[in-house]
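Residue numbers (our numbering): 2 to 89.
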């Protein structure tokens with residue numbers, strides 16, 4: 002299995018073997034930015050699929066983290082209104 006690093010330019014993502022410094026330099030010269038993630042996979046296509054899975058999971062985690070407190074506040078407000086209505 003090989004280690005892959007990723008480069009992104011706009012919506013294009015390229016996977017390069019970590020030991021292939023020449024390809025990495027070429028992509029940087031073309032304006033690609035190296036991504037933080039590194040993946041071990043059999044080939045570049047598998048590495049790109051894993052990279053996409055990682056990014057999707059990060060997006061879902063952010064959404065869940067952002068919606069948790071908003072939902073809690075909404076519940077507290079509704080319960081407060083109901084308590085006021087029943088006590089009155």
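We treat Cβ as the ideally placed atom computed from N, Cα and C, and that holds for glycine.
Remember, predicted model here, so these are calculated numbers, not experimental data.
- Residue 12: not part of any alpha helix (DSSP H); DSSP gives it neither H nor E.
- Residue burial annotation: residue 16 is buried, with at least 16 other C-beta atoms found within 10 angstroms of its C-beta.
- Distance from the CA atom of residue 53 to the CA atom of residue 11, rounded to whole angstroms, is 15 Å.
- Taking C-alpha positions only, residue 8 is separated from residue 71 by approximately 35 Å.
- Inter-residue distance for residue 50 and residue 3 is about 15 Å (C-alpha atoms, whole angstroms).
- Counting only unbroken stretches of 4 or more residues, the alpha helix (DSSP H) elements lying wholly within the segment 17 to 81 are 22 to 30, in sequence order.
- Residue 35 is a Cβ neighbour of residue 25, given a cutoff of 9 Å.
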